[in-house]
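Residue numbers (this note's numbering): 47 to 177.
Glycine included, every Cβ here is placed at the ideal spot set by N, Cα and C.
Just so we're clear, the structure is a prediction, and the values are computed from it rather than from any experiment.
Here it is as structure tokens:
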């Protein structure tokens, strides 16, 4: 199945300008074009775009992504180096996750403190109705 850039962008949860940027930067293989020069994508493009998007969203720089892409283009002889790049990114994400967990703990403590304060307050007295 083939997709226009708009359809493909929706399918991979990216914007069309992002796809164009990734292609311009060499992070995606050049998209196929129709006679009217409109880009078309197919299902086989999804895993690659998904990986690039994942690595980018986890903080990998465009220059590091370019290096990774070049290694992928060289084939199996670079598998070990590519594995190290992905392993390094995983370690960075795990460190970020630990930091986020610490922040979440602090926020939960603060929320519990507010809950304690609120639960100890006497509800406001209802207005006395005139009879």
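Quick check: the Cα distance between residue 115 and residue 72, rounded to an integer number of angstroms?
8 Å
Classify residue 88 as helix, strand or coil using the three-state DSSP reduction.
strand
At what residues does the alpha helix (DSSP H) containing residue 64 begin and finish?
62–70
Apart from the five residues just before and just after residue 96, which ones in its own chain have a Cβ nearer than 7 Å to its Cβ?
58
Quick check on residue 173: does DSSP put it in helix, strand or coil?
Low confidence applies here, because residue 173 scores a pLDDT of 46, under 50, leaving its location unreliable; read the following figure in that light. Residue 173 falls in the coil class under three-state DSSP.
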